[in-house]
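Peer 1: What the sequence shown shows, in the UniProt record's numbering, is residues 1 to 273, in sequence order.
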Amino acid sequence: MTPLDEPTDDISAQDARAVTEAALFEAFGGVRGMIETVLPGLLFVTIYTIDKNLHLSALAALAVSLVLVVVRLALRDTVKHAFSGVFGVVFGVVFAMMTGKAKDFYLPGMLYTLGLGLAYIVTTLAGVPLIGLLLGPVFKENLSWRTRNPGRKKAYAKASWAWGLILLGKCAILFPLYWWADTTQLGWVLVALKIPPFLLAVWLTWVFLAKAPAPIDVFAEMEAAEKAEREREERRRAERTPADTVVGEGPRPLVDGAERAPSAESRGRHRKQ
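Right, here's the structure in full:
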């Protein structure tokens with residue numbers, strides 16, 4: 001068993017859970033991220049339920065998405081979650097306008113959910129679980145978990161299976177409704193399925209990672225290696241400096257002695273004279 005696989009004490013376990021919670025909160029956007037995910041679709045289905053106006057519903061959803069981005073920019077906050085929502089709404093609006101069917105506003109998002117669920121499953125089967133690729137940089141471990149932290153790799157695999165199965169289960173509900181239900185029924189079910197499956201997947205991810213070995217901070221390792229290299233270089237310089245001084249001063253006594261010898265001989269000759 002490697003040190004990374006050994007059980008941690010209570011303090012380190014608590015630290016690991018705290019780090020995991022903070023990283024997941026950052027990665028998935030927290031409460032604001034969930035609001036930005038739900039609000040455009042909720043506004044679309046609400047307006048369409050009231051007056052069946054596709055253009056008004058689509059423009060309202062797009063407008064609120066843009067407002068959310070502007071708010072993020074004004075607060076100088078990360079805009080990745082808001083931008084992802086804007087792109088999803090734009091694709092939905094364009095698709096619905098092209099087909100003239102309000103129901104198609106939801107189709108791009110449903111296809112994205114299907115593709116993402118399959119990606120979680122396929123990458124896990126391939127040995128590179130997608131959730132690890134997404135969260136590795138957040139935990140400052142990059143891809144070190146693949147070869148250096150087997151316990152963490154197993155946790156990422158379990159979490160990816162959870163995400164994949166939850167998303168595919170969601171698609172199993174939505175796609176039949178796309179074919180058989182009307183726009184308002186599909187819209188309200190989709191809004192209802194936005195948050196609960198997401199929270200379930202995030203919670204399972206937290207459970208798996210909180211029990212896993214701590215991440216290997218590769219950035220801290222690089223900084224430590226650079227610091228050690230600087231210290232070794234300083235020691236080598238310190239060792240060379242005394243040696244250079246001795247070599248430089250060594251011949252001087254011989255020269256001084258050689259210079260003093262003729263002086264003694266000269267004094268001897270003077271005495272004889």
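Quick reminder that beta carbons are idealized off the backbone N, C-alpha and C, glycines included.
Could you check how far apart the C-beta atoms of L167 and L116 are, in whole angstroms? I think they sit under 8 Å.
Peer 2: Going by Cβ atoms, the distance from L167 to L116 rounds to 6 Å, so yes, they are a contact pair.
Peer 1: Just checking, does the segment 141-155 make contact with the segment 180-187 on the three C-beta pairs under 8 Å criterion?
Peer 2: Judged by Cβ distances under 8 Å, the segment 141-155 makes no contact with the segment 180-187, as fewer than three pairs qualify.
Peer 1: Please report how far the alpha carbon of L177 lies from the alpha carbon of G169, in whole angstroms.
Peer 2: L177 and G169: Cα-Cα distance of roughly 13 Å.
Peer 1: Excluding sequence positions up to five away, which residues of its chain have a Cβ less than 7 Å from the Cβ of G30?
Peer 2: So no residue of the chain qualifies.
Peer 1: From M98, A63 and L107, pick the residue whose C-alpha is nearest to that of V86; which is it?
Peer 2: Of M98, A63 and L107, the residue nearest in Cα terms is A63.
Peer 1: According to DSSP, simplified to helix, strand and coil, what is E259?
Peer 2: Confidence at E259 is low in this model, with a pLDDT of 47, below 50, so its placement is unreliable and the value that follows should be read with caution. Correct three-state label for E259: helix.
Peer 1: When the Cα atoms are used, what is the spatial distance from T147 to T113?
Peer 2: For T147 and T113, the distance between alpha carbons rounds to 30 Å.
Peer 1: Can you say whether residue 327 is buried or exposed, counting buried as having 16 or more other CB atoms within 10 angstroms of its CB?
Peer 2: Any answer about residue 327 is impossible in this case: the structure gives the chain only from 1 up to 273.
Peer 1: Rounded to whole angstroms, what's the CA-CA distance from F91 to V122? Just pull it up for me.
Peer 2: Spanning the two alpha carbons is a distance of roughly 25 Å.
Peer 1: Below 8 Å between beta carbons: does that hold for A20 and L209?
Peer 2: The residue you asked about is not Ala; residue 20 is Thr in the sequence shown. Cβ distance < 8 Å, so T20 and L209 count as in contact.
Peer 1: Should P108 be labelled buried (16 or more other beta-carbon atoms within 10 Å of its own) or exposed?
Peer 2: By the 10 Å Cβ count, P108 comes out buried.
Peer 1: Using only the heavy atoms of the ligand ADP, determine whether one of them is closer than 7 Å to the beta carbon of L130.
Peer 2: Ligands displayed in this structure: none; no statement on the ligand ADP is therefore possible.
Peer 1: Between the segment 154-165 and the segment 219-238, do at least 3 Cβ pairs fall closer than 8 Å?
Peer 2: Short answer: they don't touch.
Peer 1: E231 by DSSP, collapsed to three states: which one?
Peer 2: Correct three-state label for E231: helix.
Peer 1: Going by beta carbon distance, what residues of the same chain come within less than 6 Å of V38, once the five residues before and after it are set aside?
Peer 2: These residues qualify, in order along the chain: K194.
Peer 1: One question on the structure: do I131 and W163 come within less than 8 Å of each other, judged by their Cβ atoms?
Peer 2: Yes, these two residues count as a Cβ contact at 8 Å.
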